[in-house]
Amino acid sequence: MADEGRIEELQSALQRRFRMAGRGSVHRVQESLNLGAGYFKNQRRSGRRRIDLKIFLRALEVMEIEASEFFASVFGPADPVDRFRTRAARAVRRAKSTPTILAHESRRKPGQGREGQADFETLDVLRFDDPVALVRRTKSLIREVADSEVPILLGIHASACRILGKQTEALMVLGRALDLVEEHQDSRLFADLVVRAGYVAAQEGDLNLAFDLAERTTLVFVRLGDVLGIGKSLVDQASLLAGLNRTEEQLRTLKSALKVLPADSEDLDVRKYRLACLQNLGYTYHKLDRLEDARRFTAAAHECSEGLGREGFGKLVWLEGTIAMRSGRYSEAERFFEEAVAALRPVSPVSAAVCSLELVRVQLARGATADAYQTAKASTVLLDHLDDNSIAAAAVTDLVRCALTGRGLTAAFLDQVRRGLEGSRVHTGTRHSARSAG
């Protein structure tokens, strides 16, 4: 580091971190690194060699300070991809064992594999349908594919690990994949891996890093002139902006995405992203109480919902019913809720039960008390789908018992049952999420 001013900045910043860490922090670091007493103090004296970068980085590690965060605090934000790779490298250092796929990759010899050994598109779909089988397959294929295909396979493997909740392995494997790919050599593969990294960061709860990665992907697609890629990455950005409560930016981003994702595209991936965009607009306007805008966008999503899947379709129609109910269109809301319950019952019984409560609520609101009691009684069929969720089953049983007595079916009672159902999700750790590109 030849820039004396920058060296001073780094050393001053390190001293501030020592002070923040409290008394004894300097001694602890010097002892951990087998440095002499007064090492860091002597470095600041005139005429001394100013800095040893390896020792500097090891000192940050001992203090559990992420290097990318530290340097960003001194010189400004680092490339989000570098921040992700730094986090991955730290995970590798801390891991007790190396993931099998990385162990196999490290033993490969240049030119060992051959192209055409894997159908990557089929593998990428398999991670949703059977991620366990996908992980087994990728571990085997890593020794067979061509060198240029290794990062593709690592990326798919990492995404399957994320779906399985193996966050640390996903992080380490994606970090290695990014190490193998230079942006200028294969920009499209680089962008694909950064998208996957964004989903890993988001699942870890670091929405800021995830958003920065999504922005980085958009820039790559802009340079490539890939309009569809831009649209997809804008939808990803919007989802993260929602989590960051940056609602106005989210709406602008979603509208920008709609402009570049063609409504008449036959590409299933494009249609999926356009549908997600319309759904998100409908849900966001619903949260903002702009019900007519919400109705307009959810109706547009419904029109192109073919291939969405039972759960996704059920939740979309449920949202349409909620918007209709809040707008006073009770008969329309009832039709939507009935459709949603039918779609959700076999794939997401807890969601189906909550939606049934909304159906009862709207029937009570329009004065159809007999229908409301009949709907509550019919909820007994949900019990067949709740064998592994005793808390949700108990809540539904309470609803049916109330209906059988012919009295007590009030808004307050429905709220009580709903709290029981929502509590069952937290207790069982159930998570339902739409398929993503990551």
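When you read off a place in the sequence shown, starting at 1, and then add 287, the result is the number in the numbering used here. C-beta atoms are modelled at their ideal positions from N, C-alpha and C, and glycine is treated no differently. Note that the structure is predicted; figures quoted are calculated from it, not measured.
Measure the alpha-carbon distance for residue i versus residue j and round it to whole angstroms.
| i | j | result |
| --- | --- | --- |
| S435 | A447 | 20 Å |
| A655 | A639 | 21 Å |
| A300 | I342 | 15 Å |
| F305 | R345 | 14 Å |
| L389 | E491 | 21 Å |
| R632 | E626 | 10 Å |
| V368 | P438 | 15 Å |
| V271 | Y570 | Any property of residue 271 remains undetermined from this structure, which presents the chain solely from 288 to 725. |
| E296 | D493 | 28 Å |
| L511 | G485 | 20 Å |
| A405 | L428 | 7 Å |
| A699 | L606 | 22 Å |
| L670 | K664 | 12 Å |
| E598 | L347 | 46 Å |
| R401 | R303 | 53 Å |
| G398 | K574 | 55 Å |
| L528 | K542 | 13 Å |
| A501 | L515 | 14 Å |
| A550 | V509 | 21 Å |
| E621 | R653 | 10 Å |
| V557 | M612 | 31 Å |
Beta-carbon within less than 6 Å of residue i's beta-carbon, same chain only, minus the 5 sequence neighbours each way: which residues are those?
| i | result |
| --- | --- |
| Y326 | Q317 |
| L421 | L413, R414 and A447 |
| A464 | P438, L441, G442 and L480 |
Could you tell me the boundaries of the alpha helix (DSSP H) in which residue i lies?
| i | result |
| --- | --- |
| G468 | Reading off the sequence shown, one finds Val at residue 468, where the question assumed Gly. Note, V468: premise wrong, no alpha helix (DSSP H); not H, not E. |
| T656 | T656 to A665 |
| R694 | First-last for R694: undefined, no H or E at that position. |
| C448 | V437 to I450 |
| S312 | S312 to S319 |
| R539 | T534 to V547 |
| T425 | P418 to L428 |
| L322 | Where L322 is concerned, there is no enclosing alpha helix (DSSP H), given that its DSSP letter is neither H nor E. |
| C564 | L555 to K574 |
Tell me which same chain residues have a C-beta within less than 8 Å of the C-beta of residue i, skipping the five on either side of it?
| i | result |
| --- | --- |
| F600 | S592 and A630 |
| L644 | L686, L701, V704, R705 and L708 |
| H672 | R632, P633, P636 and A639 |
| S360 | A300 |
| S474 | V507, R510 and L511 |
Does the Cβ of residue i have 16 or more other Cβ atoms within 10 Å, making it buried, or fewer, making it exposed?
| i | result |
| --- | --- |
| L555 | exposed |
| R370 | buried |
| A581 | buried |
| L691 | exposed |
| Q472 | exposed |
| Q524 | buried |
| S384 | exposed |
| M307 | exposed |
| D675 | exposed |
| L531 | exposed |
| N321 | exposed |
| A324 | exposed |
| T409 | exposed |
| A537 | According to the sequence provided, residue 537 is Gln. The question's Ala does not apply to it. Label assigned to Q537: buried. |
| A657 | exposed |
| R335 | Confidence in R335 is poor, its pLDDT being 48 and thus under 50, which makes the residue's placement too unreliable to answer from. |
Go through its chain and collect everything with a Cβ distance to residue i's Cβ below 7 Å, but skip five positions before and after it.
| i | result |
| --- | --- |
| A659 | V647, Q650, L651 and L696 |
| G710 | I678 |
| T667 | V687 |
Nearer than 8 Å: is that true of the beta carbon of residue i relative to any heavy atom of the ligand GDP?
| i | result |
| --- | --- |
| S360 | Among the components modelled here there is no ligand, and therefore nothing to report on the ligand GDP. |
At least 3 beta-carbon pairs within less than 8 Å: the segment 674-687 vs the segment 616-631: no
Inter-stretch contact at 8 Å, needing at least 3 Cβ pairs: the segment 472-481 / the segment 428-442: yes
Cβ contact check for the segment 376-395 and the segment 453-471: 3 or more pairs under 8 Å: The answer is yes - the segment 453-471 touches the segment 376-395, with three or more Cβ pairs under 8 Å.
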